[in-house]
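Each residue of the sequence shown is one higher than the one before, starting from 11 at the first, in our numbering.
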Amino acid sequence: MRALVPAKIGQAWVLLDAEIIHEILGTQVWLPIPGARAEMPGVIAWRGRAIPVVDLAAPFGSEGMPVGQTRARTLIASVAGSMVAVPVDAAREVHAVAEAELRPVNLTQLPYAAAETELFERIVAVIDLPRFVAEISSGAAPELERGGLASHAGAS
């Protein structure tokens, strides 16, 4: 079984591995970093330190977060030994999904999708957040040319 956290960005749902999610917070104010990429536009204060904000909306075709805008929930995740904040419009309880229910990416065609499965009566992509963060941090993001969330809206 694989534990996955459903997260809503705009009108679309994606799944993130629960094992890397440490906390689900409410709305968090973030500070912009001048000249930063849209995918990592700033930082939030978390447990006495600044951690980067990872905006999944921008790379997947939804409107990114303009300065001053927040989202209803913030997922705090551990990737590559660092903590990141992932603002989302909604997050639901962890779902246990059998490995056999995870299929190769076929219908969703989202950047950084590692697999897809049925949830909320829709096919939903499992996003490889560690790979996304690693590529953004290194300055390269080859998968950002693929698809967008706007055309893959999920259930409400």
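Ideal placement from N, C-alpha and C gives every residue a C-beta, glycine not left out.
Item to check | Under the three-state DSSP convention, the category Ser72 falls into | outcome: coil
Item to check | Start and end residues, beta strand (DSSP E) containing Pro62 | outcome: 59-63
Checklist entry - So Ala17 is in the beta strand (DSSP E); what residue range does that whole segment cover? => result 12-19
Item to check | Cβ pair count under 8 angstroms reaching 3, the region 29-41 against the region 112-127 | outcome: no
Checklist entry - With a cut-off of 8 angstroms, do at least 3 Cβ pairs link the region 74-84 to the region 31-48? => result yes
Checklist entry - Over what stretch of residues does the alpha helix (DSSP H) that includes Glu111 continue unbroken? => result Unbroken run through Glu111: none, as it is neither H nor E.
Checklist entry - With C-beta atoms as the reference, is Val89 less than 7 angstroms away from Leu139? => result yes
Next on the checklist: Measuring alpha carbon to alpha carbon, tell me which residue in Met93, Gly45, Trp56, Val134 is nearest Val77.
Outcome noted: Ranked by Cα distance from Val77, the first of Met93, Gly45, Trp56, Val134 is Gly45.
Checklist entry - Among Met75, Ala100, Met11, Leu41, which residue has its Cα nearest to the Cα of Ala22? => result Ala100
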